[in-house]
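Sequential numbering from -13 applies to the sequence shown in this note's numbering. Ideal placement from N, C-alpha and C gives every residue a C-beta, glycine not left out. Remember, it's a predicted structure, so these values are computed and weren't measured experimentally.
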Amino acid sequence: FCSYNVISVREEEVRARSRYRRVKHIEIETDILKYLNIISKMLKVISSIKFVLLYRFCLGLYYEMGPSKVVQYFGKMYCILLLFLKEALYTYDLLINSYSFSILFHRLISMILILVVPLASVVNKEIHFMKYMLELNDHSRDFRENLNSIIPFIVTVTGLTYKITMAVFIYTKHTYFMKFLPSFIAMFSYYPYYYTYIVMYHVLYNEMKVLQRKLRVGLTEDLTEDEKINVIQRFRSSSVPSVIRFLFKTLNKPSKTIRITLSFGVVTQWLRMMNMAYYNISENFQGITDALFGVFYESMVIFLPAILLEMSHNVADDFKHILSKQLLQYQDYRLRQSVYDSLDYINTHSMKFSLWFQYSMDISLLIRYATFGTTFIISLLQFKY
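So, in structure tokens, the structure goes:
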């Protein structure tokens, strides 16, 4: 009897420990889900269009803030005052430090960018971007969840982390910190200007991926030919293609503001890259690591719209591939005619456009930039050694 009681007590202890472990496990899972939910909400906030615009505004880049004239006036005054403060800091840096011609040239380009870019934001008010988002939001409810982009946040955190690391571990003295401060100001003064274009083309890519998934799923399911005809016709003539028509129209007719802004960014980036390569190879080879990161970061921001556009081009080409496969599999006249009509539509509304003349807004722009930079660096090394 005593032995039975001891066994019963032990079994109760084992069951109690098991229940305790299950409860703790459930509590841990609940806490993890709660924290994941908080992180998810934070990511939604920082990837939203409103957050990107407010972040740019805090850095001195204006946008059309609302119908109130008073709010618009104070918003413009804030951006202009911040602009004068940045220019004053840069001027003070040039006055107290004696720089070589290369560094001076680099600083002057930054001063011009810090002056021109905020003024451009005050003039254009990001009206094109705001109109694009509003019209896209009105086209289809299915796409509203895609009207966000995490890329600007990732770009900002990358640059901020690097700059803080440089400030803590390298620029420890006051004089070096003052030399570091202008580049820090530059990074967060004019590069966020391109965030709206990055968001616009990232949203475009998201939309195209949704359309690609719907078309692929619709045509790969076990459907009759009549049902596939309906899928293709819906793709070409219902609410979904209204989004396609809007996206193609937006791409085929880029505003003059987009052309000028991106072209200006590409040209200034070429000048900064050449000057930085010349300085680090000819005068200060020890700083080549810092220079390489600077070139990589700046180029990433400038050319991200072109990269995202290239990705959207590839999705549009996949539309053609998916539809063309139907021509090889089926002989039904109506199905083939629907496919031909869809292919003609996609070919007619080409997604290719150029910034100026033969310079296409796609991955070839980045390839030309990288090729030119590599050739220039090799030439400098050959000349020096």
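Setting aside the 5 residues that flank it on each side, Q312 is surrounded in the same chain by V325, each with a C-beta closer than 6 Å to its C-beta; the list follows chain order. DSSP places N134 within a strand segment (E or B) once states are collapsed to three.
Taking the Cα positions, I113 is about 40 Å away from N83. Residue pairing by DSSP places S84 in no beta bridge whatsoever. DSSP, read as helix, strand or coil, puts S175 in coil. For K36, the enclosing alpha helix (DSSP H) covers residues I35 to C44. Taking 7 Å as the cut-off, the Cβ atoms of F115 and T182 count as close. Restricting attention to Y265, Y118 and R199, the CA atom closest to the CA of F87 is found in Y265. Each of A263, D212 and I184 was checked against the Cα of E296, and the nearest Cα belongs to I184. Distances from the CA of Q317 to each of D212, I353 and R258 were compared; the closest alpha carbon is that of D212. In this structure, L45 lies near F174, with their beta-carbon atoms less than 7 Å apart. Closest by C-alpha distance to L351, out of V57, F289, L294 and A2, is F289. For M51, the secondary structure class from DSSP, reduced to helix, strand or coil, is coil. In this structure, Y191 lies near S298, with their beta-carbon atoms less than 7 Å apart.
Apart from the 5 residues on each side of it in sequence, H188 sits with its Cβ closer than 6 Å to the Cβ of S135, I137 and L294 in its chain, given in chain order. Distance from the Cα of Y118 is smallest, within the candidate group M97, V57 and M186, for M186. DSSP, reduced to helix, strand and coil, places E112 outside both helices and strands of the structure shown, so it counts as coil. C-alpha of I98 to C-alpha of F305: approximately 43 Å in a straight line. Setting aside the 5 residues that flank it on each side, V103 is surrounded in the same chain by L47, S175, Y176 and Y179, each with a C-beta closer than 8 Å to its C-beta; the list follows chain order. Between F362 and M260, the C-beta gap is smaller than 7 Å, which places the two residues in contact.
Of T16, V301, I332 and C65, the smallest CA-CA separation from V108 is found for C65. Looking at S33, L366, S310 and M51, the one whose alpha-carbon comes closest to that of S268 is L366. If you ignore the 5 residues before and after L80, its C-beta comes within less than 7 Å of the C-beta of R93, all in its own chain and listed in chain order.
In the displayed model, Q317 falls within coil according to three-state DSSP, outside both helix and strand. Around the CB of A302, 16 or more other CB atoms lie within 10 Å, so the residue is classed as buried. In this structure, the straight-line span from the alpha carbon of A172 to that of S4 is close to 59 Å. Annotated three-state conformation of T210 is coil, per DSSP. Separation of L197 and L122 (C-alpha to C-alpha, rounded to the nearest whole angstrom) is 14 Å.
Buried is the label assigned to S328, since at least 16 other Cβ atoms lie within 10 Å of its Cβ. Proximity to A74 across G61, K62 and I100 peaks at I100, based on C-alpha coordinates.
Burial check for P53: the Cβ neighbour count within 10 Å stays below 16, so the residue is exposed.
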